[in-house]
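Report on one structure; see the data block that follows.
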Amino acid sequence: MKSTAHFLLPVLACAARIAEAATAHVYTYDPHASAARGQSGRDLSPVAARLVLAQRAGVEDYHQSDLLRQEAIEAINDYGKQTPLFAKEEDRRNNAFILLEGVTDSIPFFKDNSARHSFGISPAPNSAATRGLFVDLVKQENPASASSDYEIVQHISDADRLSSSGNVFYLAKSVEDMLAMWEKFEQTGTFAITAITTPADAESSRNEGKFQWGTYEMPNKKSMLQKRQRLAPEAPLSMSNDFATSDSSEDSPLPKFQANNTTPLRGILPACFTSESACESATRNCTGHGKCGLKYHDADSLGPGGQTGLDCWSCQCTKPKSEAGKKSTVWGGPACQKKDVSVEFWLIALFTVAIIGLVSFAVGTIWEMGSQELPSVIGAGVSGPTARK
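Taking mature numbering (1 follows the signal peptide of the UniProt record, and there is no 0), I'd label the letters of the sequence shown as residues -21 to -1, 1 to 368.
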């Protein structure tokens, strides 16, 4: 029995070591954080961790598809960036992100307090997916940039090219390099710091292709949003010589954003959308009763990622054409999903008011006639007989 116990202890220790090595770690620092935060040390899923990183970078608008998850809401409340209500605009955008790859253990220097917190990411995505997410956060923060992934990696790897304000991304080369950069940002007192350490590929290779960061949106050159999913590199597919032929030569019609879906739209729709595609997707192409158009452009607003200027796209309901004098339905609402019943309303309202006025006039007239005194002649003619003497 003792020999079995002596044999199991090293095996369990080795298994715990492997599990720890396959976990990525995130360390956060908020200069304006309060003491009432979540407990550090717990592990989050890659999707919940991605939403925390996006919120701390200020680009959560590109990750809205998963923001309603209960796990994501709790994670953002516990580890998201805290900013005072009346903070300056430059303080809201001072975010520093540090990525260190190939770390097998948690950083021993880190001690939790009211401003510092940490959490794990288990199972940890592979290095290719993690670096890809880091680069995508850079693109989402600056959607106007046309730099390639390689150019972005070269830029964030050079410490001399880092900015002194705004969102700063840095790819650390070692633990000492990460600690030095952390101390530099923390001494300023204005940066919210987020450091990410990922295990080596040798430790997390078994997770490749299974546990990724999930699906999110990316800005393109036309300032519209398109879905993009960070997946692990796959082996190239070989082309087959067999080609399938289609029985129908007609082209399939393009989707109309589910405009023929007759189910009612749930919830309260916003009055403005950031892009035409977002408007068409949320309103089902204005439920087939209109089209999305640019309502106005607010140059003073702050758009996703910090760029100035914000477009307001909304549904513009089309007026139907009546055929042969037939009545046509007029549509309105944020998605052109509501019928315009103003004509019927005014007809019923005016008819009701007219009926009430007519009845009131009739009752008043009868009441006035009944309140008048009878003439004295009528009283004399109906007097009773008198006794004769």
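Beta carbons: idealized from backbone N, C-alpha and C, even for Gly.
A quick note: this is a predicted structure, and the numbers were derived from the prediction, not measured.
### Task
Excluding the 5 residues preceding and the 5 following residue 370 in the sequence, name in chain order all residues of the same chain whose CB lies nearer than 6 Å to its CB.
A question about residue 370 goes unanswered here, because the residues of the chain that appear run from -21 up to 368.
### Message
Just to confirm my understanding: we take V82, look at its own chain, exclude 5 residues before and 5 after, and list those with CB closer than 6 Å. What are they?
### Response
Residue mapping note: residue 82 aligns to position 103 of the sequence shown, counting from 1. Answer for V82: T176, listed in chain order.
### Message
Is it buried or exposed, E335, if we count other Cβ atoms within 10 angstroms and call 16 or more buried?
### Response
Here residue 335 corresponds to residue number 356 of the sequence shown, with the count starting at 1. Sequence check: residue 335 is Ile here, not Glu. With fewer than 16 other Cβ atoms within 10 Å, it is exposed.
### Query
So P198 packs on Q119, CB below 8 Å; how close in whole Å?
Here residue 198 is taken as the residue at index 219 of the sequence shown, counted from 1. Here residue 119 is taken as the residue at index 140 of the sequence shown, counted from 1. At roughly 6 Å, the Cβ-Cβ gap stays under 8 Å, so P198 and Q119 are in contact.
#### Entry: F324: first and last residue of the uninterrupted beta strand (DSSP E) it sits in
Sequence index remark: in the sequence shown, residue 324 carries index 345 (1-based). Element bounds for F324: not the beta strand (DSSP E) but the alpha helix (DSSP H), S321 to G349.
### Task
Express the C-alpha separation of E323 and A341 in angstroms, rounding to a whole number.
As a first step, residue 341 is located in the sequence shown; it is residue number 362 there, counting from the start. As a first step, residue 323 is located in the sequence shown; it is residue number 344 there, counting from the start. Approximately 27 Å, taken between the alpha carbons.
### Query
Relative to the C-alpha of I77, which residue among Y129, D319 and S153 is closest?
Your numbering for residue 77 matches position 98 in the sequence shown. For I77, the nearest C-alpha among the options comes from S153.
### Task
Select from E130, A278, C296 and A151 the residue whose C-alpha is nearest the C-alpha of H268.
Here residue 268 refers to the residue found at position 289 when the sequence shown is read from its first residue. Of the candidates E130, A278, C296 and A151, the one whose C-alpha sits nearest the C-alpha of H268 is C296.
### Task
Using the Cα positions of N121 and V114, report the straight-line distance between them to the nearest angstrom.
Within the sequence shown, residue 121 is the residue found at index 142, counting from 1. Within the sequence shown, residue 114 is the residue found at index 135, counting from 1. Those two C-alpha atoms are separated by around 11 Å.
### Query
CA-CA distance, G37 and T7?
In the sequence shown, the residue the question calls residue 37 occupies position 58. In the sequence shown, the residue the question calls residue 7 occupies position 28. One C-alpha to the other measures close to 15 Å.
### Task
Kindly indicate the opening and closing residues of the alpha helix (DSSP H) around S260.
Here residue 260 corresponds to residue number 281 of the sequence shown, with the count starting at 1. Residues E255 to T262.
#### Entry: Contained alpha helix (DSSP H) runs [length at least 4] in the region 94 to 140, N- to C-terminal order
106 to 120 and 128 to 135
### Message
Once DSSP output is grouped into helix, strand and coil, what is the label at P198?
### Response
Counting from one through the sequence shown, the residue named residue 198 turns up at place 219. Three-state result, P198: strand.
### Query
Alpha carbon to alpha carbon, what distance is there between C291 and A125?
One-based indexing of the sequence shown puts residue 125 at position 146. One-based indexing of the sequence shown puts residue 291 at position 312. The alpha-carbon atoms of A125 and C291 are separated by roughly 24 Å.
### Query
What's the gap between the Cα of A1 and the Cα of L30?
Residue mapping note: residue 1 aligns to position 22 of the sequence shown, counting from 1. Residue mapping note: residue 30 aligns to position 51 of the sequence shown, counting from 1. Going from the Cα of A1 to the Cα of L30 covers about 20 Å.
### Task
Taking all protein chains shown into account, decide if P299 is buried (16 or more other Cβ within 10 angstroms of its Cβ) or exposed.
Within the sequence shown, the letter at position 320 stands for residue 299. When all chains shown are included, P299 counts as exposed.
### Task
Drop a sphere of 10 angstroms on the beta-carbon of residue 436, count the other beta-carbons inside from all chains shown, and report buried for 16 or more, exposed for fewer.
Residue 436 lies beyond the range of the chain shown here (-21 to 368); nothing can be said about it.
### Query
Which residues share a DSSP beta bridge with H4?
For the purposes of this step, residue 4 is identified with residue 25 of the sequence shown, where counting begins at 1. Note: H4 sits in a beta bridge opposite G99 and T176.
### Query
How many Å lie between R48 and S339 at the Cα?
Walking along the sequence shown from the start, residue 48 turns up at place 69. Walking along the sequence shown from the start, residue 339 turns up at place 360. Using only the alpha carbons, I get a separation of about 60 Å.
### Query
Among the residues of its own chain, which have a CB less than 6 Å from the CB of F170, if the five just before and after it don't count?
As a working mapping, residue 170 is identified with position 191 in the sequence shown. Within the same chain, F170 has close Cβ partners N73, A75 and F164.
### Message
Whole angstroms are fine: how far does the CA of G272 sit from the CA of P178?
### Response
Numbered from its first residue, the sequence shown carries residue 178 at position 199. Numbered from its first residue, the sequence shown carries residue 272 at position 293. Going from the Cα of P178 to the Cα of G272 covers about 47 Å.
### Query
Roughly how many angstroms lie between the CA atoms of A107 and Y129, to the nearest whole one?
Here residue 107 is taken as the residue at index 128 of the sequence shown, counted from 1. Here residue 129 is taken as the residue at index 150 of the sequence shown, counted from 1. Their backbone Cα atoms lie some 13 Å apart in a straight line.
### Message
As a quick exercise: from P10, G246, S97 and E352, pick the residue whose alpha carbon is nearest that of A314.
### Response
The residue given as residue 314 occupies position 335 in the sequence shown. That would be G246, whose Cα lies nearest to the Cα of A314.
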